[in-house]
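*Asks:*
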Amino acid sequence: MSNPSELPEGWVRVRLDEIAEVRLGRQRSPKNHSGTHMRPYLRAANVDWNGLKLDDVKKMNFTDDEVAVYGLKKGDIVLSEASGSASEVGKPAIWNDEIKDCCLQNTLIRVRSYGVLPYYLLYFLMGEAIRGAFVEHSRGVGIHHIGAARLAAWPIPVPPVEEQQRIVAILEEQLSRLAAAITTVKISRTRSRQLWSSILHQMVQGTLSRSVRRPVKWERTDQVAAVQGGIQKQARRRPLENKFPFLRVANVSRGRLLLDEIHEIELFEGELERYRLKVGDLLVVEGNGSPEQIGRAGLWNGEIEDCVHQNHLIRVRPGKRLRAEFLELAWNSPAVAQQLKKVASSTSGLYTLSTAKVKSVEIPVPSLEEQDTLLEAVHLWRTKQLAAEAAQETALARATGLRRSVFAEAFAGRLTAQDAADEPAEALLARIRAEREAIGVTKPRRRSQRQRKSAPEAPPMSLTDSTNLATATQPTLDLEMPS
Numbered sequence: 000m001s002n003p004s005e006l007p008e009g010w011v012r013v014r015l016d017e018i019a020e021v022r023l024g025r026q027r028s029p030k031n032h033s034g035t036h037m038r039p040y041l042r043a044a045n046v047d048w049n050g051l052k053l054d055d056v057k058k059m060n061f062t063d064d065e066v067a068v069y070g071l072k073k074g075d076i077v078l079s080e081a082s083g084s085a086s087e088v089g090k091p092a093i094w095n096d097e098i099k100d101c102c103l104q105n106t107l108i109r110v111r112s113y114g115v116l117p118y119y120l121l122y123f124l125m126g127e128a129i130r131g132a133f134v135e136h137s138r139g140v141g142i143h144h145i146g147a148a149r150l151a152a153w154p155i156p157v158p159p160v161e162e163q164q165r166i167v168a169i170l171e172e173q174l175s176r177l178a179a180a181i182t183t184v185k186i187s188r189t190r191s192r193q194l195w196s197s198i199l200h201q202m203v204q205g206t207l208s209r210s211v212r213r214p215v216k217w218e219r220t221d222q223v224a225a226v227q228g229g230i231q232k233q234a235r236r237r238p239l240e241n242k243f244p245f246l247r248v249a250n251v252s253r254g255r256l257l258l259d260e261i262h263e264i265e266l267f268e269g270e271l272e273r274y275r276l277k278v279g280d281l282l283v284v285e286g287n288g289s290p291e292q293i294g295r296a297g298l299w300n301g302e303i304e305d306c307v308h309q310n311h312l313i314r315v316r317p318g319k320r321l322r323a324e325f326l327e328l329a330w331n332s333p334a335v336a337q338q339l340k341k342v343a344s345s346t347s348g349l350y351t352l353s354t355a356k357v358k359s360v361e362i363p364v365p366s367l368e369e370q371d372t373l374l375e376a377v378h379l380w381r382t383k384q385l386a387a388e389a390a391q392e393t394a395l396a397r398a399t400g401l402r403r404s405v406f407a408e409a410f411a412g413r414l415t416a417q418d419a420a421d422e423p424a425e426a427l428l429a430r431i432r433a434e435r436e437a438i439g440v441t442k443p444r445r446r447s448q449r450q451r452k453s454a455p456e457a458p459p460m461s462l463t464d465s466t467n468l469a470t471a472t473q474p475t476l477d478l479e480m481p482s
């Protein structure tokens, strides 16, 4: 059985700086915010998984000598040097001379090939980033840094030039199919969410069931529910020595509560009785920077005993004329969301609610029997929608796995058939070394490094599997109206 780390005949494995220049961009400095040589530069925000985003390119002062060092040339690859998000570390894109005299900031690393095909390097680095290899070997707390020196020492398999061309051609074909399939799934997911909004809209209008009288009567919230604020968590409350579970804004998503991280709070005497949550309470977010998220709410189902809520959550406790589930669905419907955005004040982009504003919001109040009928219709729709969402998530997960497998197969030499007539990669390396020596560039100095952790290899994937990616990732969705 062959060793998975073995390369095909004619391939070699080298450090990245043996076949490419690896350079970190220039650091921003106040002295360079203005000057006589203002030039555009790329930063981490300009690099996306789908390529470069050049709609917002900043400028900084770069002299002619600095352009020679930090300027970009066609075929250069730029990578995100650091990120707080593990999935973004090392994200690469290729430069194709889109902007004249463009340079580089130190949030990016530039990789300039000496002779290996730039797109081969791009796809190899992309595969490493996607499988999480860069973040696994990064440094830093909170922010993950690759570092130019670490990237320069990165091992890279180099096939013959003809093989590089075949690998790039097949990767572009397969990745294009995968991208189309993923786009199809995402469009389906968006439509599924739009459908759910439509269902909620029909519910509050009473049109989701023919047995509901129309139009549905709407009333102020305080006429059918008790509205109350929560507890302010002060630095020093100095109460009795007692602690209770405490829900915050972070625990409330639209239509559900997130209870994996619950904080605690000490209560004064009498506060537990006043603020304790009951099954059926609706928790409404008081404020949020996004107007689309203002007033989002989730229903409390008594998952934790003796739980209270903070003052940035407003409790809406339904009265006898409201089903708790109907209240929650109605509150998160587009019609009520529009009201919430309208009544919320906005100061410097921050939208906020108050108990008085929540009380003033009007909600639909059909009879209890009609609420039950509407809820039954919603449940039928919800079952189909959840099944569709599960299919979509499965398809996206499979597409991600297939993409990783395609990269793994490509750079192990298993994606294409080898051609014995190809010039060995060692000949390419010899030319690169000769050309560098001719211009006075010495061999890169090797630093002693700790042994890297071996990243798990993706399971082998047949070429037949890789050529059917689009159909393999598209779920069949049935969102017809349930009978």
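Residue 0 is where the sequence shown starts when you use numbering that gives the first Met the number 0, and the numbers rise one by one after that.
All C-beta atoms in this analysis are idealised placements derived from N, C-alpha and C, irrespective of residue type, glycine included.
1. What number of angstroms, rounded off, separates the C-alpha of P333 from the C-alpha of F133?
2. Evaluate K277 with the Cβ neighbour count: other Cβ atoms within 10 Å of its Cβ, from every protein chain shown; 16 or more gives buried, anything less gives exposed.
3. Would you mind stating whether V226 and V315 have Cβ atoms separated by less than 7 Å?
4. Considering only DSSP beta bridges, list what I108 is partnered with.
5. By how many angstroms is the C-alpha of A411 removed from the C-alpha of L516?
6. Taking all protein chains shown into account, do 16 or more other C-beta atoms lie within 10 angstroms of the C-beta of W10, making it buried, or fewer, making it exposed?
7. Helix, strand or coil for Q450, going by three-state DSSP, please let me know.
8. Flag R432 as yes when its Cβ comes closer than 6 Å to any non-hydrogen atom of the ligand PLP, and as no otherwise.
9. Near L326, which residues of its chain fall below 6 Å by C-beta distance, leaving aside the five closest residues on each side in sequence?
10. Tell me the DSSP bridge mates of N60?
11. Are the beta-carbon atoms belonging to P158 and A424 less than 7 Å from one another?
12. Among the candidates G131, R381, P39, L120, whose CA atom is the shortest distance from the CA of R403?
13. Skipping 5 residues on each side, what residues in its chain have a beta carbon closer than 8 Å to that of E97?
14. Should V211 be labelled buried (16 or more other beta-carbon atoms within 10 Å of its own) or exposed?
15. Beta carbon of G301, beta carbon of L352: below 7 Å?
16. Taking C-alpha atoms, which residue in Q164, T62, L177, L78 lies nearest to G34?
17. In this structure, what does DSSP give as the bridge partners for C102?
18. By the three-class DSSP mapping on this structure, what secondary structure does Y113 have?
19. Based on the DSSP secondary-structure assignment, which residues constitute the bridge partners of G50?
20. Should K137 be labelled buried (16 or more other beta-carbon atoms within 10 Å of its own) or exposed?
21. G146: which of T372, P363, S82 sits nearest, CA to CA?
22. If you count every other CB in all the chains shown that lies within 10 Å of the CB of F267, and 16 or more means buried, which is it?
23. For the beta strand (DSSP E) that K90 lies in, which residues bound it at each end?
24. My output table needs one value for W217: the three-state DSSP class, helix, strand or coil.
25. Tell me whether the beta-carbon of S196 lies closer than 7 Å to the beta-carbon of Q391.
26. Cα-Cα, which of Q417, K90, L177, H32 is closest to L395?
27. Thinking C-beta only, is E285 closer than 7 Å to I313?
28. Between the stretch 212-232 and the stretch 357-372, can you find at least three pairs of beta-carbon atoms closer than 8 Å?
29. Mapping DSSP to helix, strand and coil, what is E369?
*Replies:* This is what the structure holds:
1. 42 Å
2. exposed
3. yes
4. L23, L78
5. Nothing can be reported for residue 516: it is not among the residues displayed for the chain, which extend from 0 to 482.
6. buried
7. Below a pLDDT of 50, predicted positions are generally treated as unreliable, and Q450, at 36, falls in that range; the measurement from the model is reported next regardless. DSSP places Q450 in coil when its eight states are reduced to three.
8. The model on display carries no ligand, and the ligand PLP is accordingly not part of it.
9. L281, P317
10. M37
11. yes
12. G131
13. L51, L53
14. buried
15. no
16. T62
17. Y40
18. coil
19. D47
20. In the sequence as presented, Lys is not what sits at residue 137; that position holds Ser. Label assigned to S137: buried.
21. S82
22. exposed
23. Segment: none, K90 is in no beta strand (DSSP E) and carries neither H nor E.
24. strand
25. no
26. L177
27. yes
28. yes
29. helix
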